[in-house]
Every structure is written in structure tokens, then in C-alpha cells.
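Take a look at the structure set out below.
Protein chains: 2
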Amino acid sequence: MRQDGVGIDLETSLGYLLKETASALRSALEDVLRPLGMNVTHYACLELLAQRPGLSSSELARGAFVTRQTMHVLLQALERAGQVTRPAEAPTGRSLPVELTPDGRRLLEQASAAVRGVEVRMLSGLTTAEQAAASAALRAMVRSLRDGA
Amino acid sequence: MRQDGVGIDLETSLGYLLKETASALRSALEDVLRPLGMNVTHYACLELLAQRPGLSSSELARGAFVTRQTMHVLLQALERAGQVTRPAEAPTGRSLPVELTPDGRRLLEQASAAVRGVEVRMLSGLTTAEQAAASAALRAMVRSLRDGA
DNA sequence: TGCCTCATGTCAGCATTCTGACATACGCTG
DNA sequence: CAGCGTATGTCAGAATGCTGACATGAGGCA
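Residue numbers (full-length UniProt numbering), protein chains in the order written: chain U, 1 to 149; chain P, 1 to 149.
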């Protein structure tokens, strides 16, 4: 408990709790993805491509919450590893549509199963209604945070 | 929507939403802390010290969700900047109790006000009951994630 | 048409954080 | 008492992600 009324009580702060939860989730994901030679950003990139093939590097960056420069170097590595492909030149504008290769898709299937396991474990103590309420609350928070900026 | 049943639908995944919210919060915090010359970890360190003076470097690291090596270099910088102090040798064991200086406390007051503003904005669209529900859900998720590891 | 703004891809350099390693100090247990 | 496991502080090197910058292409508008 704080004596003064100025600071933020970390024990009850939703922001702090959010950071704690995200940190725990990240750790758990890294634990299950490491055996596959992947990290969280790598997995997010592949999962995004499975759902929306043809996304550009910049769009993938926004979806994985990193800068486009970071995604650029990741895509170079994934291209070398044969998990994704990009055309030599842009069909229109400057954006190069990225797609999964069969190898990338196979790797993603293993990763998805592992990630799904973590998510199931994370939600194991919550009812469906509680999950829906949490989801709605998080969406409202994102909206408020974005509006202000 | 996914065709196959193996992957994770990012539009509805609570894990993805959690990452998105944490990312938005982090961005918003960095925006208000940058004018003060601070980052999120720096702020978290000072806030922890205000609430629990005498915490060791390793304990601060756990509280700020970074490694103790990272906290170590941060504390060196903060010590040079005159925001925290540490005794030359440990009173017992190896752990050195860290404390805020008056300068550090003054800086923290400004940062706390800024951070509080962001948190208020983040929660502006939620009722008190909804906040409590979200808090309980996040706590349950942390517990489940930690248990499995 | 020419210009202005914006988004993208890409390169280079820097900052931050992590992993690995080692020595030291405490507490427990045989 | 001796040994073991654990936690801490610290150093060094490596990985990761970011900021800054530049050129290029698309679209809107005078």
C-alpha cells in the first residue's frame, strides 16, 4: 500500500497485471517454440501468412507488433530457410506479397499445435463467459489507448 | 476464418489480443515517458522502489519482468544519474538493498502522474465491475501459465 | 501535367536485452 | 562439520529489435 496518493499501486494496477500476463505468456510460448527453432515473432509471421496469404512485409510487421525493419530481416532469414517466398518484383506499387511454402506450412502446423496447447492451459481456469468478458475488456482497452494517441 | 481446424484464429485468440493490448499500452507509456527521459523498465524500477524500499537488484528484475543482468546495467546508470543509491557492501549475504534518492523520488512523481493518465485513459471505457472481472481473469491466466511451467 | 503526401522496401548504425559463465554467500542436510 | 543446492552480483559476448535515412512507386489535387 502507498502512503501518498500520487503513485500507482502495482499490486492492483491493471496495467502492471497486463504486463505480467503478457510476460508469462511470452515465456510459455518461447518454451514450446524453442524446440522447433522458432521465436514468437517468427511464429506470428507464419500464422498471419496462413490466414492472409499475400500480406506484405509492412503488413506482417503491424500484425506481429514489430517495426517493418525487424520483419524485413526476419523475412530474409525465412526466405533463405525456404519457409516463405516473395516475387522478385512487385506486381503493383512497391509491396511484395509474401506466401508460405509447403515447408513453412508444415512447420507452422507443429507450432500451431504447441501454441494452442499453451493457450488452452492459460484459459483452463476460466469459463467461456469469463473468457468473453476478458476479450471484450481487452478490446475496449486497445480502442481507448489508440484513440488517445 | 480458418479452413483447417489446426491453427489459431488470430482474430479471436485471447493470446493474440493480450499481446496487442500489451503492445498498445507499452507504446502509450513510452510516449508519455520519453519527455522525462525514461523508458518503461526504468519507470517500473523506480515505482517498485517507492513501494518496497531496499529491494535487491534481482528482486527488482523479477518485478519489472527483465533478467537480473538487464536490471544490473540499468541500476548502474541510475546510480550514476543520482536517482538511486546502493551501499558499497552487502549488510548480509550478497544482495545490495537499493533505495531512491530525493532526486529519484521527484522524477518518479512526474512519471507516476503521466502513467496514471495513460491507465485512466485505458480504462475509461470500462465500468468498475468490468475492470474487476478483467483483473480476475488476468490473474487466473498468470496462475495457469506459471503452474504448467 | 506537375507536385505533394504517404506507404513501402531496404541499408546502416545503435540501443536494449538476453544467454552464458564465474565467484561468492547463505541455508539445509547428511 | 563438510557438501550440496540455491540465490546473488557481475562481466563478456551475442542476439534481437529499434531509429534514422534514402529511393521508389501510388494516389490525390491544384
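Heads up, the beta-carbon is just placed ideally off N, CA and C, and yes, glycines get one too. This one's a predicted model, so the numbers in the text were calculated from it and none came from an experiment.
- DSSP places Leu10 of chain U in the coil class of the three-state scheme, outside both helix and strand.
- Per the C-alpha coordinates, the member of P:Arg52, P:Gly54, P:Thr67, P:Pro53 positioned closest to Thr41 of chain P is P:Thr67.
- The way I'd put it, the segment 137 to 144 of chain P does touch the segment 113 to 124 of chain U; three or more beta-carbon pairs between them come closer than 8 Å.
- Judged by DSSP secondary structure, Arg121 of chain U falls within the alpha helix (DSSP H) whose first and last residues are 102 to 122.
- With respect to the 7 Å criterion, Leu25 of chain U and Gly148 of chain P are not classified as neighbours on the basis of their beta carbons.
- Listed along chain P, the residues sitting closer than 9 Å to Glu130 of chain U by beta-carbon distance are Ala133, Ala136, Ala137, Ala140.
- For Thr127 of chain P, no CB of chain U lies under 7 Å from its own CB, so it is not counted at the interface with that chain.
- In the structure shown, Thr41 of chain U adopts helical secondary structure according to DSSP, grouped into three states.
- Spanning the alpha carbons of Glu79 of chain U and Phe65 of chain U requires a straight line of approximately 20 Å.
- Annotation for Ser95 of chain U: no alpha helix (DSSP H) segment contains it, and DSSP assigns it neither H nor E.
- Closer than 9 Å at the C-beta level to chain P, one finds these residues of the segment 40 to 51 of chain U: Val40, Ala44, Glu47, Leu48, Ala50, Gln51.
- The beta carbon of Gly117 of chain P sits closer than 8 Å to those of Val32, all from its chain and outside the five residues before and after it, given in chain order.
- Using a C-beta cut-off of 8 Å, the segment 88 to 108 of chain P makes no contact with the segment 81 to 90 of chain U, since fewer than three inter-stretch Cβ pairs fall below that distance.
- By the 16-neighbour rule on beta-carbons within 10 angstroms, Thr92 of chain P is exposed.
- Within chain U, no residue has its beta carbon less than 9 Å from that of Gly104 of chain P; the closest one is some 13 Å off.
- Buried is the label assigned to Glu119 of chain U, since at least 16 other Cβ atoms lie within 10 Å of its Cβ.
- Under the three-state reduction of DSSP, Val66 of chain P is assigned to coil, being neither helix nor strand.
- By the Cβ-count criterion, Val73 of chain P is exposed, with fewer than 16 other Cβ atoms from all chains shown falling within 10 Å of its own Cβ.
- With respect to the C-alpha of Arg34 of chain U, the residue from U:Gln131, U:Ala111, U:Thr12 having the closest C-alpha is U:Ala111.
- For a cut-off of 8 Å, the C-beta gap from Ser57 of chain U to Leu46 of chain U is around 14 Å, too long to register as a contact.
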